[in-house]
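Enquirer: Pasting a structure here, questions to come.
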């Protein structure tokens with residue numbers, strides 16, 4: 007019985023050993039028959055680009071402000087609407103304080119009294135001048151004072167009218183509480199609602215922004231470029247702009263401005279750039295769209311290209327491995343490179359279209 011178990015054990019060992027031998031042999035033979043991975047040199051285009059990150063903005067965006075203080079009483083246009091120059095946008099109802107209104111009325115009364123007093127003095131002076139009791143020069147001085155007070159009465163009346171009704175005419179100029187569009191364009195944003203107070207625009211204060219308006223026919227890409235790329239750029243370079251919200255859309259433009267001064271963003275040194283959009287390619291653009299612009303620095307067309315990953319650099323020279331004369335052999339060949347986009351590189355000498363180039367061997371880590 008014991009001898010029988012020994013024979014069974016030996017038989018199992020022999021079978022397992024034979025299976026392992028044939029498995030290893032088969033695996034080895036399959037590896038020997040497997041062809042090394044390779045690429046084929048092709049005719050293509052290589053483009054060197056600089057990336058700009060930014061947004062789509064109108065060339066001219068105007069903030070609408072009021073020249074009188076008050077409260078928003080009516081809004082005539084909403085965001086997204088197209089308005090023409092002179093079209094009503096917002097009505098601001100004057101809302102003077104009781105003190106302002108009282109002062110305006112008292113100033114008008116005071117100047118009117120002064121005017122009436124000078125009118126009486128003018129009549130008396132005219133009588134004395136007819137009797138040669140006063141000189142013409144004295145009369146002219148009084149006449150000048152009368153003209154001055156007439157202007158001050160007019161100013162006081164206009165100020166009171168503006169506080170009470172929000173509208174006044176000064177010659178051919180009409181100042182009113184209805185704010186009108188200064189240019190043709192689209193309403194981009196409304197900053198106030200009915201009932202909100204309005205601070206006027208003056209020489210010492212910015213005033214309340216009521217709306218923003220812009221013509222969407224002239225659009226810009228405004229963004230930044232890394233300092234590494236800005237030295238290669240110049241105005242007039244063509245660009246391809248990709249819109250984040252429209253992944254399948256591409257619009258075209260030209261670099262119109264490169265800032266001379268860098269800024270810091272996220273601990274990186276970047277330069278602001280502007281790109282004038284020359285062709286929307288049928289895409290409807292909106293102000294504020296985030297976008298990336300590929301600025302085309304250089305383009306090489308109809309050149310022999312290979313992936314940059316198959317190149318070995320050594321001692322300032324570039325090498326690739328190509329098939330040798332004997333089947334399965336590999337030889338190293340020096341080549342001359344041209345333009346690269348960091349993925350594909352142009353070969354100026356050493357390879358022709360259709361040449362086979364082996365992939366670089368994959369290095370494995372040995373764990374001990």
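In the working numbering, the protein residues as written are 7 to 374. Don't be surprised by glycine CBs; every beta carbon is placed ideally from N, CA and C. Bear in mind the structure is a predicted one, so any value in this text is a computation, not a measurement.
1) Going by CA-CA distance only, name the one from 253, 100, 356, 54 that's closest to residue 347.
2) Can you have a look at residue 376 and say buried or exposed, based on whether 16 or more other CB atoms are within 10 angstroms of its CB?
3) I'd like to confirm the pairing. Which residues does DSSP put opposite residue 274 in its beta bridges?
4) Determine the direct distance from the alpha carbon of residue 108 to that of residue 299, and round the result to whole angstroms.
5) Report yes if the C-beta distance between residue 364 and residue 329 is below 9 angstroms; otherwise report no.
6) Under a three-way DSSP split, which group does residue 118 fall into?
7) Counting Cβ pairs, one atom from each stretch, are 3 or more of them under 8 angstroms apart for the stretch 43-53 and the stretch 299-311?
8) What residue does the beta strand (DSSP E) around residue 54 start on, and which one ends it?
9) If you draw a straight line from the alpha carbon of residue 382 to that of residue 80, how long is it in whole angstroms?
10) Short of 7 angstroms in beta carbon distance, which residues of its chain neighbour residue 251, apart from the five on each side in sequence? Order them along the chain.
11) So, do the stretch 147-160 and the stretch 124-138 have three or more beta carbon pairs nearer to each other than 8 angstroms?
12) Is DSSP giving residue 165 helix, strand or coil here?
13) So residue 194 and residue 110 are supposed to be a Cβ contact under 8 angstroms. How far apart are they, rounded?
14) Judging by CA-CA distance, which residue of 297, 231, 225 is the nearest neighbour of residue 285?
15) May I ask you to verify whether the stretch 265-281 touches the stretch 187-204, counting CB pairs closer than 8 angstroms and requiring at least 3?
16) Between which two residues does the alpha helix (DSSP H) holding residue 233 run?
17) What does DSSP give as the partner residues of residue 229 in its beta bridges?
18) At the level of alpha carbons, what is the spacing between residue 337 and residue 331?
19) Residues in its own chain within less than 8 angstroms of residue 343 by CB, not counting five upstream and five downstream?
20) Rounded to whole angstroms, what is the Cα-Cα separation between residue 288 and residue 57?
21) According to the Cβ coordinates, are residue 210 and residue 88 closer than 9 angstroms?
22) Find the nearest neighbour of residue 218 within the set 77, 358, 84, 359, judged by alpha-carbon distance.
23) Name the one or two DSSP bridge partners that residue 140 has.
24) Who are the Cβ neighbours of residue 245 in its own chain at under 6 angstroms, not counting the five residues just before and after it?
25) Since residue 310 contacts residue 357 with CB under 8 angstroms, what's their CB separation in whole angstroms?
26) Exposed or buried, what is residue 21 when buried is set at 16 or more other beta-carbons lying within 10 Å of its beta-carbon?
27) Name the DSSP bridge partner or partners of residue 298?
28) Is DSSP giving residue 289 helix, strand or coil here?
29) Run through the DSSP bridge pairs and tell me what residue 311 is partnered with.
30) Measuring alpha carbon to alpha carbon, tell me which of 262, 155, 334 ends up nearest residue 114.
31) Use the C-beta contact count for residue 74: other C-beta atoms within 10 angstroms, 16 or more gives buried, fewer gives exposed.
32) Out of 349, 239, 212, state which residue places its alpha-carbon closest to the alpha-carbon of residue 435.
33) Sort out for me which residues DSSP pairs residue 343 with in a bridge.
34) Using the beta-carbon count (16 or more within 10 Å), is residue 188 buried or exposed?
35) I need the straight-line Cα distance from residue 283 to residue 86, nearest angstrom please.
Expert: This is what the structure holds:
1) Residue 347 sits at position 341 when you count from the first residue of the chain shown. Comparing Cα positions, the closest option is 54.
2) Lying outside 7 to 374, the shown extent of the chain, residue 376 is not represented and no answer is given.
3) Working through the chain shown from its first residue, we reach residue 274 at position 268. DSSP output for residue 274 lists 271 as bridge partner(s).
4) The residue given as residue 299 occupies position 293 in the chain shown. The residue given as residue 108 occupies position 102 in the chain shown. If you take the alpha carbons of residue 299 and residue 108, they lie about 60 angstroms apart.
5) If you number the chain shown from 1, residue 364 lands on position 358. If you number the chain shown from 1, residue 329 lands on position 323. Their beta carbons are under 9 angstroms apart, which means residue 364 touches residue 329 by this criterion.
6) Position 112 of the chain shown holds residue 118. Residue 118 falls in the helix class under three-state DSSP.
7) yes
8) As a first step, residue 54 must be located in the chain shown, where it is residue number 48. First-last of the beta strand (DSSP E) with residue 54: 48-64.
9) Lying outside 7 to 374, the shown extent of the chain, residue 382 is not represented and no answer is given.
10) Looking up residue 251 in the chain shown gives position 245. Here residue 251 has 295 as same chain residues with Cβ atoms under 7 angstroms from its own Cβ, once five neighbours each way along the sequence are excluded.
11) yes
12) Locating residue 165 in the chain shown gives position 159, where the first residue counts as 1. Of the three classes helix, strand and coil, the one that applies to residue 165 here is helix, per DSSP.
13) Counting from 1 along the chain shown, the entry for residue 194 is found at position 188. Counting from 1 along the chain shown, the entry for residue 110 is found at position 104. Residue 194 to residue 110, Cβ: 37 angstroms. No contact.
14) The residue labelled residue 285 in the question sits at position 279 within the chain shown. Checked all of 297, 231, 225; the closest Cα to residue 285 is 225.
15) These segments do not touch.
16) What you label residue 233 is simply residue 227 of the chain shown in a count that begins at 1. That run of the alpha helix (DSSP H) goes 233-236.
17) Mapped onto the chain shown, residue 229 falls at position 223. Paired residue(s): 60, 279.
18) Translated into the one-based positions of the chain shown, residue 337 becomes position 331. Translated into the one-based positions of the chain shown, residue 331 becomes position 325. So the two alpha carbons sit approximately 9 angstroms from each other.
19) Here residue 343 is taken as the residue at index 337 of the chain shown, counted from 1. The residues are 317, 324, 351, 352, 353, 354.
20) Numbered from its first residue, the chain shown carries residue 288 at position 282. Numbered from its first residue, the chain shown carries residue 57 at position 51. Going by the C-alpha atoms only, they are around 23 angstroms apart.
21) Here residue 210 is taken as the residue at index 204 of the chain shown, counted from 1. Here residue 88 is taken as the residue at index 82 of the chain shown, counted from 1. No. Outside cutoff.
22) Translated into the one-based positions of the chain shown, residue 218 becomes position 212. Among 77, 358, 84, 359, the Cα nearest to that of residue 218 belongs to 84.
23) On the chain shown, residue 140 is found 134 positions in, with the first residue counted as 1. For residue 140, which the question treats as bridged, DSSP gives no partner whatsoever.
24) On the chain shown, position 239 is the one that residue 245 refers to. Same-chain partners within the cutoff: 259, 281, 299, 301.
25) Translated into positions along the chain shown, residue 310 becomes position 304. Translated into positions along the chain shown, residue 357 becomes position 351. Residue 310 to residue 357, Cβ: 6 angstroms. Contact.
26) Your numbering for residue 21 matches position 15 in the chain shown. In this prediction, residue 21 scores a pLDDT of 48, lower than 50, which makes its location untrustworthy; the coordinate-derived value is nonetheless stated afterwards. The residue in question, residue 21, is exposed, as its Cβ has fewer than 16 Cβ neighbours within 10 Å.
27) Along the chain shown, one-based indexing puts residue 298 at 292. According to DSSP, which records beta bridges pairwise, residue 298 is partnered with 59, 248.
28) The residue labelled residue 289 in the question sits at position 283 within the chain shown. Correct three-state label for residue 289: coil.
29) For the purposes of this step, residue 311 is taken as residue 305 along the chain shown, with counting starting at 1. Beta-bridge annotation (DSSP): residue 311 is paired with 48, 352.
30) Stepping through the chain shown from its first residue, residue 114 is reached at position 108. Looking at the Cα atoms, 155 is the closest of the given residues.
31) Stepping through the chain shown from its first residue, residue 74 is reached at position 68. Flag for residue 74 reads buried.
32) Absent from the structure is residue 435, since the part of the chain shown begins at 7 and ends at 374.
33) Taking the first residue of the chain shown as position 1, residue 343 is located at position 337. Bridge partners of residue 343: 353.
34) As a working mapping, residue 188 is identified with position 182 in the chain shown. It counts as exposed.
35) In the chain shown, counting from the first residue as 1, residue 283 sits at position 277. In the chain shown, counting from the first residue as 1, residue 86 sits at position 80. Roughly 21 angstroms separates the two Cα atoms.
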